[in-house]
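The block underneath contains the structure these notes are about, expressed in C-alpha cells.
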C-alpha cells in the first residue's frame, strides 16, 4: 500500500471565494477510481489555536459566545487564530490574555489536529497553560464573551452531555482527562 502518493488527479482549479480568513477553491478532478468529479476545499489563512487554562485546584476557564455560523451560543476553551508559519505559542498566549485576562508561566502543547480534513485544511494546536495569574481581559471589538471558571470534571461532563460541541474544545478536554487518568497531571 502506497500511503504517500496522491490518488486524485486535479484537472483544473478555480478560486470561487476569497476573504482575509478563508479561500474556497473548486477542483475538477479524477477520483481514485478514475471517475470525473468536483472537490471543493476551504483553505484557512490562520491556524486554530486553543488553550486549556488549568489552575492549581484543577479548575479550567471556559469562554462562551454566540457563534454566527451555528446560530447558537457555544461554550469553549479560549481559542482563536494564529498566522500560518508563525509561532503558535505566541498566538496562544495572546488569545488567553485577550479572552480571559489570564497569563501563564508554564505552557505544554497537548493536541495537534486537523479540524475537518474532508473539506478544509484547517490545522489546530492546543496548549495546556499552568501557573496562572489574573490580569485584565482584552477582547476584540467583535467579541461578546462570557468567561467562567469551572472544576475540570464539570467541563468534562459538559463534553459528555453535548453542552460543549466545539471540536477543538472536545479534543483538548478529553486529552486532559486522559493525561489525568495516566498520571501525567
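Residue numbers (the numbering used here): 4 to 188.
Virtual Cβ for every residue (Gly too), placed ideally from N, Cα, C.
Keep in mind the model is a prediction, meaning the values are calculated, not measured.
If you draw a straight line from the Cα of residue 99 to the Cα of residue 162, it comes to about 21 Å. Taking the Cα positions, residue 88 is about 19 Å away from residue 120.
Annotation: the continuous beta strand (DSSP E) that includes residue 17 extends over 12-21. When the beta-carbon positions are compared, residue 46 and residue 124 come within less than 8 Å of each other. In this structure, DSSP gives residue 147 a state outside helix and strand, which the three-state scheme calls coil. Judged by DSSP in its simplified three-state form, residue 111 adopts strand. A distance below 6 Å between beta-carbons, with the five flanking residues on each side excluded, links residue 182 to the following residues of its chain, in chain order: 188. Looking at 71, 62, 103, 43, the one whose alpha-carbon comes closest to that of residue 15 is 43. Approximately 11 Å separates the beta-carbon atoms of residue 175 and residue 65; this is outside 8 Å, ruling out the contact.
Judged by DSSP secondary structure, residue 42 falls within the beta strand (DSSP E) whose first and last residues are 39-47.
Each residue's CA atom was taken as its position, placing residue 134 and residue 26 some 38 Å apart.
Non-local beta-carbon contacts of residue 17 in its own chain, meaning distances under 6 Å to residues more than five positions away in sequence, involve 29 in chain order.
Separation of the CB atoms of residue 50 and residue 91 is rounded to 6 Å, and the pair is thereby assigned contact status at 8 Å.
When the alpha-carbon of residue 128 is set against those of 33, 36, 19, 82, the nearest one is in 82. The C-beta distance from residue 148 to residue 68 rounds to 5 Å, short enough to meet the 8 Å contact threshold.
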